[in-house]
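Novice: In terms of this note's numbering, the sequence shown opens at residue 513 and continues consecutively.
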Amino acid sequence: QLSRQTEGMDVVASVDMLEGLKGVPLKLLAYEHFLLRYPHRARRTVLLLRGIIPDARPDDYRSCRAEVINLVRRINSAVPGAVQFEEANKLNLRERIALWSVASVLLATSARDGLN
């Protein structure tokens, strides 16, 4: 199904925990900058962003989620369909492989990680 939805598109895929330290808003700002800097790519590039709902720190999650949703709306208002954002409690291996198999680029970033 994903391959039909993204046919002919350059797909950027990302799976991130919706936590402040993961830097998802920074990723969206960087993607927005890319779209503005390379407008000829904007119509054929889509970011498939999957946000994983964390088990802990609900206030941090709500804050991060609100910022992500605002940025997704802003980007999509400038470039309709540029970001497809979905939330999930988890993304199993089959779902991740389906996402990665349609991607031209896997965007694996984190502002901070490894604090455990």
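Ideal Cβ placement from N, Cα and C applies to all residues, glycine included.
Are there three or more Cβ pairs, one per stretch, closer than 8 Å when the segment 577-590 is compared with the segment 607-622?
Specialist: Verdict: no, contact absent.
Novice: With C-beta atoms as the reference, is Ala615 less than 8 Å away from Ala525?
Specialist: Closer than 8 Å, so yes.
Novice: Going by the DSSP bridge assignment, what does Arg564 pair with across the sheet?
Specialist: Inspection of the sequence shows that residue 564 is occupied by Ile rather than by Arg. The partner list for Ile564 (beta bridge, DSSP) reads Met529 and Ala600.
Novice: Would you kindly work out how many angstroms separate the C-alpha atoms of Arg562 and Pro551, rounded to a whole number?
Specialist: Going from the Cα of Arg562 to the Cα of Pro551 covers about 24 Å.
Novice: Shortest alpha-carbon distance to Arg573 belongs to which of Glu531, Ile609, Ser613 and Ser515?
Specialist: Checking the displayed sequence, the identity of residue 573 turns out to be Tyr instead of Arg. Nearest option by C-alpha distance: Glu531.
Novice: Between which two residues does the alpha helix (DSSP H) carrying Leu611 extend?
Specialist: Counting along the chain, the alpha helix (DSSP H) containing Leu611 begins and ends at Leu605 to Val614.
Novice: Tell me, which residues are paired with Asp522 by DSSP?
Specialist: Paired residues: Thr557.
Novice: Measure the C-alpha to C-alpha separation of Cys576 and Val536 and round it to an integer number of angstroms.
Specialist: So the two alpha carbons sit approximately 8 Å from each other.
Novice: Less than 7 Å between C-beta atoms, sequence neighbours within five positions excluded: which residues of the same chain meet that for Val523?
Specialist: Hits under 7 Å: Val558, Leu560, Val614, Ala615 and Ser616.
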